[in-house]
Amino acid sequence: MDVSRHHAAFRFGLGARPDQPLPDDPPRALLAELTREPGPLPLPEGWDHQPTMVDIMAVWDEELATRDTPMPGNQRPRAALARKEMRALVEHCLATPDGFRERLVLFWTNHFTASRRSGNVQAFLGDYMRRAIRPHVAGSFADMLVATTWHPAMLYYLNQSSSVGPNSLTGRRAQLGLNENLGREILELHTLSPAAGYSQADVTSFAKLLTGLTVQRRNGTGTIFAANRHEPGPKRVFGEEFGEGAQEIERALRWLAVQESTQRHLAIKLVRHFVDDTPPPAAVQKVFSTLRDSRSDIGAAARTLVDMPETWQKPLAKLKTPQEFAFAALRGLGAGPRHAPVALRVAGSLGQQVWLATDPIGWPDRAEDWVTPEGVLQRMEQAHDMAGRFSRLDPMALAETTLGPLARPETLQAARRAGSQRDGLTLVLASPEFQRR
1 MDVSRHHAAF RFGLGARPDQ PLPDDPPRAL LAELTREPGP LPLPEGWDHQ
51 PTMVDIMAVW DEELATRDTP MPGNQRPRAA LARKEMRALV EHCLATPDGF
101 RERLVLFWTN HFTASRRSGN VQAFLGDYMR RAIRPHVAGS FADMLVATTW
151 HPAMLYYLNQ SSSVGPNSLT GRRAQLGLNE NLGREILELH TLSPAAGYSQ
201 ADVTSFAKLL TGLTVQRRNG TGTIFAANRH EPGPKRVFGE EFGEGAQEIE
251 RALRWLAVQE STQRHLAIKL VRHFVDDTPP PAAVQKVFST LRDSRSDIGA
301 AARTLVDMPE TWQKPLAKLK TPQEFAFAAL RGLGAGPRHA PVALRVAGSL
351 GQQVWLATDP IGWPDRAEDW VTPEGVLQRM EQAHDMAGRF SRLDPMALAE
401 TTLGPLARPE TLQAARRAGS QRDGLTLVLA SPEFQRR
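If you read the sequence shown in the working numbering, its first letter stands for residue 1, the second for the next number, and so on.
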């Protein structure tokens, strides 16, 4: 029994759709997604183009101009833009035929988490994904690291916009100081990881190197290097010495991107996401070797994941996160753009609101972090709610579209004997096999 077509749709993609036939050669189709030009993204409601940095700053100005005007918080200009951007993102997740590429986009967005918990961040997150994540998911990790570090979303989220070199011109005059958040998280979460054995002195030195990198609301990128805020003098980070200025910041980021500690950290995370909650050492070694030999080409790492047998040996080894469950269920039901708010509500009610991770480490990627008795019951309730919106659909057709040969006989029998089509759909969506990927 060949389960590879449905396995690929869940493990690598976001789930099958009834109007998107599964490919006969899943590995070949997955690899093709990494090389072809991605299709256009949905536009936020009311926009005739994707919001640019200039547009976002205009929204910011509107927010400042209306700050004394009473209105609900979610209707304020920046929050309203963020809400429209989230809906457009989810519309794309529900419809895209390039599920593997989109899963990679979501994976790397989570790796480089910037959360709308910070009010200054929310309006930037759509642009953050478009400019700092999407162009690089099949290319250079170093390019992505530079792009995310340089983006206003990250600078605001980790308080880099307020970090000033103590001995810089501005630091001496205004008695402003260093903020180590961005430097710490780049070393701990984005690159080396604590397993590398860097020190607090490395964090402080790297934070000093990053000073001067800040938000500029009056240019087209939103970011500027302000030399008067930059800590003067050489800085040593993890045994490597760097000089002054923006070029040295970029050199440090690109150097960190190709360190073996970084490559091993990325390999473990990729294998945990695509293979098993407990990453098999042999699989980690394969992805690590690819990253090492390619100087951290994450597109090459993605191809290795497709090519290696470990990714295909254990179907349904991973639990779907709330977002993955919402996307897969609605895709399987044939949902359209108007159902994007349903996906947002379902994921949020299950504890995973879009762009709202609780801390810089991002959303967890293991079953133990999501499985609770209450969570299981809530998934059943959400399955019933989604099924009610498609109650004319044949439950057996849903099972065939989404699970195929992965459906258990018990699930098919229960769905077939259900008292209504809605109940049958609910039983498929709430089944143990549908909860996994």
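Ideal Cβ placement from N, Cα and C applies to all residues, glycine included.
Note that this is a predicted model, so its numbers are computed, not measured.
Remark: three or more beta-carbon pairs, one from each stretch, lie closer than 8 angstroms, so the region 90-109 and the region 6-15 are flagged as touching. Taking 7 angstroms as the cut-off, the Cβ atoms of V306 and L30 count as close. Looking at the backbone, the Cα of L253 and that of V59 are separated by about 31 angstroms. According to the DSSP secondary-structure assignment, I186 is paired through a beta bridge with no residue.
Partner residues in the beta bridge of K235, as assigned by DSSP, are F242.
Taking C-beta atoms under 8 angstroms as the contact rule, P152 and A88 fail to qualify, at a distance of about 19 angstroms. Among the bridge pairs identified by DSSP, R17 is matched with Q20. Within the region 28-98, the runs of alpha helix (DSSP H) that reach at least 4 residues and sit entirely inside it are, in chain order, 53-65, 77-95.
Shortest Cα-Cα distance from G46 to any of P23, A32, I249, K84 involves K84. Around the beta carbon of H6, 16 or more other beta carbons lie within 10 angstroms, which makes this residue buried. Counted as a single uninterrupted DSSP element, the beta strand (DSSP E) harbouring V215 occupies residues 213-215. For I186 and D202, the gap between their C-alpha atoms comes out near 11 angstroms.
Burial check for I249: the Cβ neighbour count within 10 Å reaches 16 or more, so the residue is buried.
For L94, the closest alpha carbon among the candidates A340, L189, F124, Y157 is that of A340. Non-local beta-carbon contacts of L176 in its own chain, meaning distances under 7 angstroms to residues more than five positions away in sequence, involve V164, T170 in chain order. Inclusion of R366 and S391 in the CB contact set at 7 angstroms is not warranted, their separation being larger than that value.
Contact check for S349 against F141 fails: the beta carbons are separated by 7 angstroms or more. Assigned with DSSP and collapsed to three states, I224 falls in strand. The beta carbon of S115 sits closer than 7 angstroms to the beta carbons of V121, Y157, W355, L356, A357 from its chain, once the five residues preceding and following it are set aside; these are given in chain order. In the pairwise beta carbon analysis, the region 270-288 is classified as touching the region 301-316: at least three pairs are separated by under 8 angstroms.
Relative to F434, the option among R417, S420, R416, E400 whose CA is nearest is E400.
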